[in-house]
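Notes follow the structure.
Chains as they are written, first to last, in my numbering: chain A, 1279 to 1452; chain B, 141 to 280.
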């Protein structure tokens, strides 16, 4: 059968200055996933490879481009699902690793569980030999600036409001 | 949030999604991404989906499972994606986007936010876009 691949880089009010970086990033990810498929890799291999490319690209809110929580920290979530038998693996609120999608795959392949969270996910990453990055490694200048903008704005108006795009109808998009 | 959906040469489907969440979210808040049937779904008998957007809304309507269910009922991948996103918008008020491959090999994307970056490779063609209705095409 002809292999098929599609990727996304997030749905939100993407600012104009991110347009080319976003398009180039999703194209590279789709091509990498398709390369894996054409070389005989499985659908699971392909989606993990494609998402890894996107996690390594600071244009996207995942891995190296992740946004910051209220405390100014990165917390990452990821999932992988295999359509052959509905097996799946996921991690949530994991910190200081570059590629949570690869950790999610190991949850699927090496445990009897579907989801590991927080400290447990971090411990599992350590068990599996994932490199623990310095806490600042995944924090981009853009993420820090956006976080600071949010903190200043909420301090000024005393209300929750995402600084992400300024439009309440579009706020809160992961 | 980022995601990928694939069909391999054996016809097997898979999906994956990954996110850093929302700027200044409450520590410990987890959205749809790691939740089966919300952030992703895949079943060789139906299709595979990855989602992005307002996590709480996506979880409330089990967006990716809903799309699979609509395809099970006979809707095309595109119809199912649009119907489920519209349901989410009207029922719980959230916006988002999805990518889908059906078991029949239909490949589609749909979004209700102002923009979503996407790219696909099918039959030797790389397609991509970011604005509604936009599609760049490149023969590989």
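Yeah, the Cβ is synthetic: ideal placement off N, Cα and C, and Gly gets one too.
At a cut-off of 8 Å between beta carbons, residue 227 of chain B makes no contact with chain A. One alpha carbon belongs to residue 182 of chain B, the other to residue 1350 of chain A, and they sit about 34 Å apart. Taking a 10 Å sphere around the C-beta of residue 280 of chain B, we find fewer than 16 other C-beta atoms and assign the residue as exposed. In this structure, the straight-line span from the alpha carbon of residue 1345 of chain A to that of residue 1284 of chain A is close to 24 Å.
Setting aside the 5 residues that flank it on each side, residue 231 of chain B is surrounded in the same chain by 201, each with a C-beta closer than 7 Å to its C-beta; the list follows chain order.
Closest option to residue 178 of chain B, judged by alpha-carbon separation, among B/160, B/155, B/148 and B/243: B/155. Counting along the chain, residue 1333 of chain A sits inside the alpha helix (DSSP H) bounded by residues 1321-1333. In the three-state reduction of the DSSP assignment, residue 1339 of chain A falls in the coil class. For residue 1388 of chain A, the CB contacts under 8 Å within the same chain, skipping 5 residues up- and downstream, are 1406 in chain order.
Annotated three-state conformation of residue 1307 of chain A is helix, per DSSP. Its chain contains 1304 as the residues whose beta carbon lies nearer than 8 Å to that of residue 1286 of chain A, once the 5 sequence neighbours on both sides are disregarded; these appear in chain order. At least one C-beta of chain A is nearer than 8 Å to the C-beta of residue 166 of chain B. Judged by DSSP secondary structure, residue 203 of chain B falls outside any beta strand (DSSP E) and instead within the alpha helix (DSSP H) spanning 203-212. Taking a Cβ-Cβ cut-off of 9 Å, residue 216 of chain B has no neighbours in chain A, whose nearest Cβ is about 15 Å from it.
With respect to chain A, the C-beta atom of residue 199 of chain B has no partner C-beta closer than 8 Å.
Residue state for residue 1432 of chain A is assigned as helix, using DSSP reduced to three classes. Runs of the alpha helix (DSSP H) lying entirely within the stretch 185-269 of chain B and spanning at least 4 residues, in chain order: 195-200, 203-212 and 217-232. Take residue 271 of chain B, set aside five residues on each side of it, and the residues of its chain with a beta-carbon closer than 7 Å to its own are 255, in chain order. Around the C-beta of residue 276 of chain B, fewer than 16 other C-beta atoms lie within 10 Å, and the residue is accordingly described as exposed. DSSP places residue 1402 of chain A inside the alpha helix (DSSP H), whose first and last residues are 1396-1405. Taken through DSSP and simplified to helix, strand or coil, residue 157 of chain B comes out as strand. Three or more Cβ pairs closer than 8 Å define a contact, and the stretch 1329-1341 of chain A falls short of that threshold against the stretch 1387-1403 of chain A. Taking 8 Å as the cut-off, the Cβ atoms of residue 1311 of chain A and residue 1327 of chain A count as close.
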